[in-house]
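Chemist: Please find one structure pasted underneath; my questions will follow.
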Amino acid sequence: MADPLLFNPRTYDPAHFDPETRRLLRATVDWFEDRGKRKLIEDYRSRAWLADFLAFSAKEGLFATFLTPASAADGQQDKRWDTARIAALNEIFGFYGLDYWYAWQVTILGLGPVWQSDNAAARTRAAELLSQGEVLAFGLSEKAHGADIYSTDMLLEPDVDGAGGFRASGSKYYIGNGNAAGLVSVFGRRTDIEGPDGYVFFAADSRHPAYHLVKNVVDSSKYVSEFRLDNYPVGPDDVLHTGRAAFDAALNTVNVGKFNLCTASIGICEHAMYEAVTHAHTRILYGRPVTAFPHVRRELTDAYARLVGMKLFSDRAVDYFRSAGPDDRRYLLFNPMTKMKVTTEGEKVIDLMWDVIAAKGFEKDTYFAQAASEIRGLPKLEGTVHVNLALILKFMRNHLLDPAEYAPVPTRLDAADDAFLFRQGPARGLGSVRFHDWRIAYDAYAEVPNVGRFREQANALCEFVTTAAPGEEQSRDLDLLLAVGQLFALVVHGQLILEQARLTGLEEDVLDELFAVLVRDFSAHAVELHGKDSATAEQQRWALDAVRRPVVDDARSQRVWERVEALAGAYEMAP
């Protein structure tokens, strides 16, 4: 029987979307299913470029329909930038293989600076390329500096004729689709202007003679390129942004792009879970199915609960992303949360299942073998976990202690264009972002035992921020701050899970089991904080006082286990 909480290609019917979105999502699923598992794995292992997939996308108009905002759609009603349906496609791509998702993801990143630009010629060019089935690329990172855009060595020499053009020279590294992109959004700096005023974002073409493809820096179907520009001509129609606006465009593009990692990780975990539970349930050891052993049931139940939490949080984060505006920037917290929290939960889900299936997880004819590898990449893309943890800490005091009034944000599955994402404005002022009261979500489920238990820990964190927060000297100890960030992340994670549970009517058994996991996680991070070198005696006392034991209910756990057990045989990809 299909679990309504998990994606299952056999029963998938995205009826909540408009007809063309439903058609494209279902067509994508059918393309992969018709291709079959053997071919999927063969392409992954042979590192084949994604030509067949991109031909399918071009034929169906998939990228063009989903990634062209209404402002560039020339009146075509089905084209819009709709985060809800983009998230749905992320999940499908993750389910079948991260290589497919990656070509789509870096196209999204490449489009970011273009759709934020007032350059009409570049916008028209990008829309035409999408209509032709082309992919794009995002030329930000460099071998020597990574994503440290302050230190870019992509240099633009102004043309001597004074017509506003440049000659660009320099290298970029870790650039997806750099082998085939019809447009590469490249970040650099002028040689004649110092500081932020000299930044430039410009459009390049990977097929130009002055564009030199050096190599694929990874051993994969993903083409993560190193490329070099030698005296590349940049005309006025190629310039997307200059000065501080170029810097803001880079950060705001990453804001848009990093959101896609969470739903990709969900898709990976869902496919792997079907394989893992089916294998464990049909494997007999010592005369019993592997799933009869208590530790196996616990690990698979925890994996399922964590995966459900990933989905609930990400689905609710979509609503805040789509409802954002100049006066509501709460997405700036929930966005890095999807990046660092949901993707690291994905790693835990895979690890729990791998402990159960053991050697099976290495076999070359399984999806799980690639899932176990690919799930590691997502926490490390679009900023590391550490970078995103440090970012969310900027919101902690306002979120926990200083709530503001906001109208409730509804479920956002409407066919609307998310135009604000491309006019986010200056990438600063994070300390002024305010949030609605997180306690409201927890109060609504106060009767659920482990929600109540976790609420005790959340209240304790507020006390910590008020009475034992790191002082000025400790604030330079990033190791300690990251431990605090993990505690705060759990409170935010739980909040959106509860909001989505209320909107969807989630069964309380599943919610209670999920929060039992979060209680254990909070306790583990509190113990970690206790052991930090610079933790004060007061902080150490607080950490141990915050440790809680989840409320145990064997009957509840058994009911949730039965949901997990029902996944055995619920889906297997066609050979």
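Residues in the sequence shown are numbered consecutively from 49, following our numbering.
Glycine included, every Cβ here is placed at the ideal spot set by N, Cα and C.
1. Using three-state DSSP, classify Val600 as helix, strand or coil.
2. Which of helix, strand or coil does DSSP assign to Asp51?
3. Going by DSSP, what residues sit across from Pro206 in a beta bridge?
4. Decide if the stretch 176-187 is in contact with the stretch 151-166; the criterion is three or more beta carbon pairs, one per stretch, under 8 Å apart.
5. Buried or exposed: Gly194, going by 16 or more other Cβ atoms within 10 Å of its Cβ?
6. Please give me, in chain order, every unbroken run of the alpha helix (DSSP H) with length at least 4 that falls completely inside the stretch 123-162.
7. Please classify Arg336 as buried or exposed, where buried requires at least 16 other C-beta atoms within 10 Å of its C-beta.
8. Tell me where the alpha helix (DSSP H) around Lys87 begins and ends.
9. Among Leu426, Phe416, Asp450, which has the Cα closest to the Cα of Leu309?
10. When you compare the stretch 406-426 with the stretch 323-340, are there three or more beta-carbon pairs, one atom per stretch, that lie closer than 8 Å?
11. Could I get the ranges of all uninterrupted beta strand (DSSP E) runs contained in the stretch 390-462, with 3 residues as the minimum, in chain order?
12. What's the C-alpha gap between Val457 and Gly373?
13. How about Val302 and Ser233: are their beta carbons less than 8 Å apart?
14. List the whole-angstrom C-beta distance separating Val599 from Pro497, where the pair is believed to meet the contact cut-off of C-beta under 8 Å.
15. Here's a check: name, in chain order, each residue in its chain whose Cβ is nearer than 8 Å to the Cβ of Gly295, leaving out the five neighbours to either side.
16. Does the beta-carbon of Tyr144 have 16 or more other beta-carbons within 10 angstroms, so that it is buried, or is it exposed?
17. So which of Arg604, Gln606, Gly579 has the shortest CA-CA distance to Leu592?
18. Using DSSP with H/G/I as helix, E/B as strand and the rest coil, what is Ala185?
19. Measuring only between beta-carbons, confirm whether Tyr92 sits less than 8 Å from chain B.
20. When you compare each of Arg238, Ala463, Gly542 to His289 by their alpha carbons, which one comes out closest?
21. Kindly indicate which three-state DSSP category Ser313 falls into: helix, strand or coil?
22. Would you grab the beta carbon distance between Gly142 and Gly305 for me? Rounded to a whole angstrom, and I think it's under 8 Å.
23. At a cut of 8 Å, does the stretch 547-556 reach the stretch 359-370 through at least three beta carbon pairs?
24. Name the DSSP bridge partner or partners of Val287?
25. What residue range is occupied by the uninterrupted alpha helix (DSSP H) comprising Pro281?
26. Rounded to whole angstroms, what is the Cα-Cα separation between Glu90 and Asp147?
27. For Phe470, which three-state DSSP category applies?
28. Can you check DSSP and say which residues form a bridge with Asp376?
29. Considering only C-alpha positions, which residue in the set Gly533, Gln124, Asp100, Thr59 is nearest to Asp465?
30. If you draw a straight line from the alpha carbon of Phe536 to that of Leu380, how long is it in whole angstroms?
31. For Ser219, name the three-state secondary structure that DSSP assigns.
Modeler: Put simply:
1. coil
2. coil
3. Paired residues: Phe214.
4. yes
5. exposed
6. 131-144
7. exposed
8. 85-94
9. Leu426
10. Three or more Cβ pairs drawn from the stretch 406-426 and the stretch 323-340 lie within less than 8 Å of each other, which places the two stretches in contact.
11. none
12. 12 Å
13. no
14. Contact holds; Cβ gap of about 4 Å.
15. Looking at the sequence provided, one finds Phe at residue 295 rather than Gly. Hits under 8 Å: Ile197, Pro244, Tyr247, Ala475.
16. buried
17. Gly579
18. Strand.
19. In the structure shown, chain B does not exist; there is a single protein chain.
20. Arg238
21. helix
22. Incorrect: roughly 15 Å between the Cβ atoms, too far for contact.
23. yes
24. Phe250
25. Annotation: Pro281 is outside any alpha helix (DSSP H); the continuous beta strand (DSSP E) that includes it extends over 272-282.
26. 13 Å
27. helix
28. Gly373
29. Gln124
30. 15 Å
31. strand
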